[in-house]
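Take a look at the structure set out below.
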Amino acid sequence: MNHYVNTIAPSKSGKKAVTPQTAPIPGRENEMKQNNAGGFTFVLDDWGYLDRFLILGSDKSTYYTSAAKLTKDAAGAVSRCIKADGLKTVARIQEISEAGRAPKNDPAVFALALCAVEGDAETVKAAYAALPKVARIGTHLFQFVSALDAMGKWNAAAKRGVSAWYTARRDDRLAVQFLKYGQRDGWSHRDVLRLAHVKPQTDVQSSMFHYVVKDGAKRADGAALPPLFEAVEQLKKADAKQAIKLIESNKDITWEMMPTELQRDAKVWDALLPNMGLTAMIRKLGQLTDVGLIKPLSEGSKQVIAKLSDAEALKAARIHPVALLNAFKQYGAGKGLKGSLTWKADQRVLDALNDSFYEAFQFIPSTGEGYLFGIDISGSMTIGAIAGLPNLAPYEAAAVMAMAIARRERNYFFGGFSHTFKELKISPTMRLDAALRAVQGPFGSTDCSLPMVYAKEERMSGVDKFVVITDNETYAGRVQPVQALRDYRSRYDKNAKLVVIGMTATNFTIADPKDPGMLDIAGFDAAAPQLIQQF
């Protein structure tokens, strides 16, 4: 988070200087950089860039930049943070990951792997101490190990750290990791156990390791395995009725442990549902509807809606608002992104997803301030995805982010800008689908000064905070955004603030780093409403 006041002086003639966005502000050339669209903006410091990367990721291309370049640039910033203060870097990665502030955990896992590879001895030690807290499930561990392997850093510290990920867990929790997350992205627990030479600390661990490494073979001496292993073995030969009895007697059985044929039975899913994690349930809404568990006025729908409406459970499960928004769009579409699965969405489930989206943000009471939301609906905001989720273009995420921030406020104005500015007919009480329709094109070039220019021209004297949600690829304006804010401050309110929410993982920002009245936030940070209200 970067707190950013205007240092732009009047020209010698006494008139306030203005600079087109295709050029740097005179005297600030060393602080500005040409963005990917050709305009000049300020540049985030590496700590701000680290936050953007951790929250937004870089696995999808933007309108101007490939995913590979985004990742390379972001990795460079992470490396510089590690060199500057490795312990602070590890702490920041762990903080954002554990708080569930990012839609996906992948960037945090990658950044932690960089700390383990590039850090000094204390940083490496801290990185492996943080590993179980950042890589909380087997999938994350495989990502971490894959990154280590790609960077050629499979050393003694790595073996000790990865071994501890396994051996420090309770037997029943380790059993779930082995059987629920058996393999992902070309890696399996068998690979990792052998690569790290993990030595069991108990007889039960020894039995589990043997089972995993030997592809399901039990130890010859008959040493005990946790009950979950035996239950999964029985599931392989069970019919639906037998499977339901096993599920009811072992709450740790998950859908991933079920043979494919049993996943077509609605009664089996009904037995799984009470103990199903929220993340899994949200991802499986389409399939649950397809098999008939979710349908109007059914007990299955009632259970699903109850789970989606439990704000505390959503928080405990680290369900990020963008995951709910993504599910809202995907479930409402009635078909999967891949394969032939289709379904008729239950309207009540859509309503629950809509309400849960807002509940997933942590709000504080209304500030009573005046907010002008400037939502970038230029062409560059139509390409790419938020945190790699294919359903969400940056401009769509920007619209619902603005609605979420305004949810507890009374005094607000929504506008959309490209090369022109227009009022958007949206409000915080609208459903998500209606808001998304309200920001549909036409799209054009980008001028991030327009929210401030419009407010001044329309004599909007009550703007306490401009909230501009953009990819910062601005270039089309005749005045730099900070100069437009200077002019608004001069006319109406010298304390007016600018909050910039960056929607792509670049290091560009229209916020002046020397202005304490400006704040830069990584887009779709779950803490954004609080950060903005408290600013």
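Just so you know, our numbering puts 1808 at position 389 of the sequence shown, and the rest follows in order with no gaps.
For every residue, glycine included, the Cβ atom is placed at its ideal position computed from N, Cα and C.
This structure is a prediction, so every number in the text was calculated from the model and none was measured.
Element boundaries [alpha helix (DSSP H), containing residue i]
i            : result
residue 1725 : 1718-1727
residue 1656 : That residue, residue 1656, is in no alpha helix (DSSP H); it is neither H nor E in DSSP.
residue 1709 : 1704-1709
residue 1608 : 1608-1615
residue 1467 : 1465-1475
residue 1605 : Taken as a continuous stretch (DSSP letters only), residue 1605 belongs to no alpha helix (DSSP H), as it is neither H nor E.
residue 1824 : 1813-1825
residue 1402 : It is not possible to answer for residue 1402, since the shown part of the chain is limited to 1420 through 1954.
residue 1745 : 1740-1752
residue 1867 : Where residue 1867 is concerned, there is no enclosing alpha helix (DSSP H), given that its DSSP letter is neither H nor E.
residue 1688 : 1685-1691
residue 1584 : 1575-1586
residue 1758 : Neither: residue 1758 is in no alpha helix (DSSP H) and is coded neither H nor E.
residue 1526 : 1525-1537
residue 1551 : 1540-1553
residue 1984 : Past the boundaries of the shown model lies residue 1984; the chain is included only from 1420 to 1954, so the question cannot be answered.
Unbroken beta strand (DSSP E) run spanning residue i, endpoints
i            : result
residue 1841 : 1840-1842
residue 1901 : Segment 1900-1910 is the alpha helix (DSSP H) holding residue 1901; no beta strand (DSSP E) there.
residue 1831 : 1831-1836
residue 1953 : Per DSSP, residue 1953 belongs to no beta strand (DSSP E); it is in the alpha helix (DSSP H), 1947-1953.
residue 1451 : 1451-1453
residue 1461 : 1459-1462
Proximity winner among the options, relative to residue i (alpha-carbon distances)
i            : options                : result
residue 1689 : 1679, 1698, 1708, 1678 : 1708
residue 1471 : 1935, 1928, 1934, 1932 : 1928
residue 1643 : 1537, 1628, 1749       : 1628
residue 1908 : 1718, 1456, 1871, 1947 : 1871
residue 1895 : 1447, 1651, 1599, 1459 : 1459
residue 1620 : 1645, 1601, 1590       : 1590
residue 1944 : 1686, 1823, 1732, 1498 : 1823
residue 1692 : 1679, 1727, 1826, 1658 : 1727
residue 1539 : 1517, 1556, 1511, 1501 : 1501
residue 1636 : 1652, 1514, 1795       : 1652
residue 1914 : 1880, 1897, 1557       : 1880
residue 1851 : 1796, 1775, 1883       : 1775
residue 1491 : 1654, 1926, 1951       : 1926
residue 1570 : 1584, 1604, 1529, 1631 : 1529
residue 1906 : 1655, 1874, 1889       : 1874
residue 1694 : 1680, 1685, 1679, 1666 : 1666
residue 1794 : 1825, 1769, 1770, 1773 : 1825
residue 1599 : 1618, 1531, 1699, 1681 : 1699
residue 1467 : 1526, 1655, 1941, 1617 : 1941
residue 1889 : 1647, 1817, 1556       : 1817
residue 1802 : 1862, 1586, 1771, 1511 : 1862
residue 1956 : 1513, 1451, 1469       : Because the chain in this structure spans residues 1420 to 1954, residue 1956 falls outside the shown range and cannot be described.
residue 1710 : 1676, 1675, 1760, 1664 : 1760
residue 1603 : 1556, 1535, 1586       : 1556
residue 1951 : 1465, 1884, 1903, 1899 : 1884
residue 1537 : 1660, 1553, 1494       : 1494
Sheet register partners of residue i (DSSP bridge)
i            : result
residue 1941 : 1921
residue 1516 : Answer is none; residue 1516 lacks a bridge partner.
residue 1597 : Answer is none; residue 1597 lacks a bridge partner.
residue 1793 : 1834, 1887
residue 1507 : Partner(s): none; residue 1507 has no beta bridge.
residue 1848 : In DSSP, residue 1848 forms no bridge with anything.
residue 1928 : 1461
residue 1763 : DSSP output for residue 1763 lists no bridge partner at all.
residue 1916 : 1884
Cβ distance (whole Å) where residue i is taken to contact residue j below 8 angstroms
i            : j            : result
residue 1918 : residue 1954 : 6 angstroms
residue 1886 : residue 1790 : 6 angstroms
residue 1958 : residue 1780 : Since the first residue shown for the chain is 1420 and the last is 1954, residue 1958 is missing from the structure and cannot be characterised.
residue 1745 : residue 1788 : With 8 angstroms as the limit, residue 1745 and residue 1788 do not qualify as a contact, their Cβ atoms being about 30 angstroms apart.
residue 1864 : residue 1838 : 4 angstroms
residue 1939 : residue 1593 : Not confirmed; about 41 angstroms, so no contact.
residue 1834 : residue 1828 : That belief does not hold up - the Cβ atoms of residue 1834 and residue 1828 are roughly 15 angstroms apart, past 8 angstroms.
residue 1461 : residue 1931 : 6 angstroms
residue 1456 : residue 1785 : Wrong, their Cβ atoms sit about 36 angstroms apart, outside the cutoff.
residue 1545 : residue 1509 : 4 angstroms
residue 1662 : residue 1681 : 5 angstroms
residue 1419 : residue 1893 : Residue 1419 is absent from the structure shown; the chain starts at 1420 and stops at 1954.
Residue i: CB within 6 angstroms of a non-hydrogen atom of the ligand ADP
i            : result
residue 1692 : The ligand ADP is not part of this structure, which contains no ligands at all.
Determine, using beta-carbon pairs with one atom in the segment 1561-1572 and one in the segment 1593-1608, whether at least three such pairs fall under 8 angstroms.
-> yes
Is the number of C-beta pairs between the segment 1920-1934 and the segment 1812-1832 that are closer than 8 angstroms three or more?
-> yes
The segment 1713-1722 / the segment 1758-1770 touching (three or more Cβ pairs under 8 angstroms) | yes
Quick one: any contact between the segment 1513-1527 and the segment 1737-1756, if contact means 3 or more CB pairs under 8 angstroms?
-> yes
Cβ pair count under 8 angstroms reaching 3, the segment 1699-1707 against the segment 1745-1757 = yes
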